[in-house]
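S.K.: Sending over a structure as structure tokens; questions will come in a sec.
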Amino acid sequence: MVLLPSPDIDRMVKACSHLRLALTSAFLLFVAAGCAMLPDTDAIIARHSAQTARFESARGTVSPEKSAAIVASLKSSAGDIDILDKQIALEQAIVGSPLIVGNKVILLQDGEATYAAMFAAIRTARDHINLESYIIEDDEIGRQFADLLLAQQQQGVQVNVIYDSFGGMNTPAAYFDRLRQGGINVVEFNPINPLIAKGQWLFNNRDHRKLLVVDGRIAFIGGINISNVYSSSPGSRRAKKALGSAIDWRDTDLQIEGPVVGELQKLFMDTWAKQQGKPLAGRNYFPELKAQGKDIVRAIGSTPDDPYSLIYLTLISAIGNAEREIHLTNAYFVPDPRLLKALSDAAGRGVDVNLILPSQTDSNIVFHAGRSHYSALLKAGVKIHERGGALLHSKTALIDGVWSCVGSTNLDWRSFLDNDEVNAVILGRDFGLQMKAMIARDLAASKAISAEDWANRSLLLRLQEWGASLLQRLL
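If you're matching positions, the sequence shown starts at 308 in this note's numbering and goes up one per residue.
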């Protein structure tokens, strides 16, 4: 039964329409998700475990001697941590892209800081701007992006935009028409309408990436879409009334400069080609990139076209190699059995495993499906914290203080099997310290969930968890 707040006819019609859309979407997702399976991680990891670490710089492949020196330097600053030997080589074998040295990575927290950095980079563009986002809304923030992108297009900068059809479902067509009329190239990723789909209709494959590349030299990735909901940060009440937002959103992005930007640019170009976008105007999409800093970064893109999720396998192997501590912060936590086992096994061998998860959400079914696993995780020794004061939307990981990961990937079946996603792995103690400080602030705003308190939760919560868990493969 749907309980409407008033007998108003318009609201009733709208509620019925939303319910019908939700049921239709759930059915389509169920049909599309029926056969996809997560990989046998143990077999793949075993097959690739005897590899040698390899790095690249702005000048090309680093010699074996220098690669060994890089690993030795990392270990000297981080302690004798096994993850640096195993993980560097294993990721390389699985993902196929090397760790790239000479980058500058800036950790951006929440929408205000991220949008300000994005706008500043867009204003400096002289050649091209490539923007890919799951959601682009026609609101104050969306219009700021549109105005700035159109202004740059008029100045001769070629702007190319990819948006997801499902994520942009509530954005009026007029918004994207305005971009096109201004000369911007726009691609709708896997249109929901099968009549306008190019090639095979792939309703269930969504583009969940958030990627901005400016002049092939600076890139942004993370969890932040283009929407007003990210405009105010936790603790700030500015613009709340104007935006009509009931709660702040907590999210994380990266600003990256250096040779690894070329790898992120390749991901955008591959998606453009896969979606049969019109031929791009000739621009210098892959300029010569010089070292900008000392950060070691690996860009990882996942798509259902791959035999298995590269991001998923990377995370599982990193957790399996952890020796001291694991910190995962994630918005949508619906783990599969292998991820649950990896976390439980890590806690069982003495690793301090911490999860920071939402205390409130924009998706109740995902929220309760994730909570259905709390009992087993707490019993295994995993520590669970629920973030208060904001709607948590971050997707980050920090392992042993030296392996950091930030991107668009949730810890759920949909991200690992059905979505195009993009993450970056950063190796090193210095960036790890920045991540640790950010995690400490989130922990301070979180409530620890104890096994005793969780055992005493209400029957209603148990029923909600049980019901949501039946649908977790679709989430």
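Glycine included, C-beta positions come from ideal geometry on N, C-alpha and C.
Put Met-308 into one of helix, strand or coil per three-state DSSP.
M.R.: Annotation note: pLDDT 37 at Met-308 (below 50); position unreliable, no value reported.
S.K.: In the DSSP output, what is Gln-416 paired with across the bridge?
M.R.: Thr-559
S.K.: In whole angstroms, what is the alpha-carbon distance linking Ile-413 and Lys-373?
M.R.: 26 Å
S.K.: Suppose contacts are defined by Cβ-Cβ distances below 8 Å. Is Val-494 in contact with Gln-582 by that definition?
M.R.: Yes, these two residues count as a Cβ contact at 8 Å.
S.K.: Using beta-carbon positions only, say whether Ile-663 and Leu-750 come within less than 8 Å of one another.
M.R.: yes
S.K.: Could you tell me whether the region 760-775 touches the region 666-681, where touching means 3 or more Cβ pairs closer than 8 Å?
M.R.: yes
S.K.: With a threshold of 16 other CB atoms inside 10 Å of the CB of Met-476, please say whether the residue is buried or exposed.
M.R.: exposed
S.K.: Who are the Cβ neighbours of Ile-756 in its own chain at under 8 Å, not counting the five residues just before and after it?
M.R.: Tyr-681, Leu-685, Ile-691, His-692, Glu-693, listed in sequence order.
S.K.: Classify Phe-593 as helix, strand or coil using the three-state DSSP reduction.
M.R.: coil
S.K.: In angstroms, rounded to a whole number, what distance separates the CA positions of Asn-497 and Arg-513?
M.R.: Rounded to the nearest angstrom, the gap between the Cα atoms of Asn-497 and Arg-513 is 7 Å.
S.K.: Three or more C-beta pairs closer than 8 Å, one from the region 455-469 and one from the region 586-597: is that the case here?
M.R.: yes
S.K.: Taking the alpha-carbon of Glu-570 as reference, which of Tyr-619, Val-520, Ser-534, Asp-555 has the nearest alpha-carbon?
M.R.: Val-520
S.K.: Would you kindly work out how many angstroms separate the C-alpha atoms of Arg-645 and Gly-688, rounded to a whole number?
M.R.: 17 Å
S.K.: Please look up how many angstroms separate the CB atoms of Ser-795 and Gly-530, rounded, as I've assumed it's under 8 Å.
M.R.: The structure shown does not extend to residue 795, since the chain is modelled only from 308 to 782, so the question has no answer here.
S.K.: Cα separation between Ala-697 and Gly-708?
M.R.: 25 Å
S.K.: What does the alpha-carbon distance come out to for the pair Ala-365 and Asp-522?
M.R.: So the two alpha carbons sit approximately 16 Å from each other.
S.K.: Once you ignore the five residues that flank Thr-478 on each side, which residues in its own chain have a CB closer than 7 Å to its CB?
M.R.: Ile-443, Glu-444, Asp-445
S.K.: Less than 8 Å between C-beta atoms, sequence neighbours within five positions excluded: which residues of the same chain meet that for Lys-754?
M.R.: Ser-666, His-692, Glu-693, Gly-695
S.K.: Within a Cβ cutoff of 6 Å, which residues of the same chain sit near Gly-659, ignoring the five residues on either side of it in sequence?
M.R.: Per the sequence shown, residue 659 should be read as Asp rather than Gly. Same-chain partners within the cutoff: Glu-632.
S.K.: Identify, in the order they occur along the chain, each residue of the same chain with its Cβ nearer than 8 Å to the Cβ of Leu-740, setting aside the five sequence neighbours on each side.
M.R.: Contacts found: Gly-708.
S.K.: Can you tell me the Cβ-Cβ gap for Gly-565 and Leu-596, rounded? I've got them flagged as a contact below 8 Å.
M.R.: 6 Å
S.K.: Going by the CB atoms, is the gap between Ser-711 and Asn-730 shorter than 8 Å?
M.R.: no
S.K.: What is the DSSP secondary structure of Lys-702, counted as helix, strand or coil?
M.R.: strand
S.K.: In the DSSP assignment, find the alpha helix (DSSP H) that holds Phe-674 and state where it starts and stops.
M.R.: Phe-674 -> alpha helix (DSSP H) spans 671-678.
S.K.: Hey, quick one: how far does the beta strand (DSSP E) through Pro-405 stretch, first residue to last?
M.R.: Here Pro-405 belongs to no beta strand (DSSP E), and DSSP marks it neither H nor E.
S.K.: Buried or exposed: where does Leu-777 fall if 16 or more other Cβ atoms within 10 Å of its Cβ makes it buried?
M.R.: exposed
S.K.: Could you compute how far the alpha carbon of Gln-459 sits from the alpha carbon of Ser-380?
M.R.: Looking at the two C-alpha atoms, the distance is approximately 43 Å.
S.K.: Rounded to whole angstroms, what's the CA-CA distance from Ser-534 to Ala-376? Just pull it up for me.
M.R.: 44 Å
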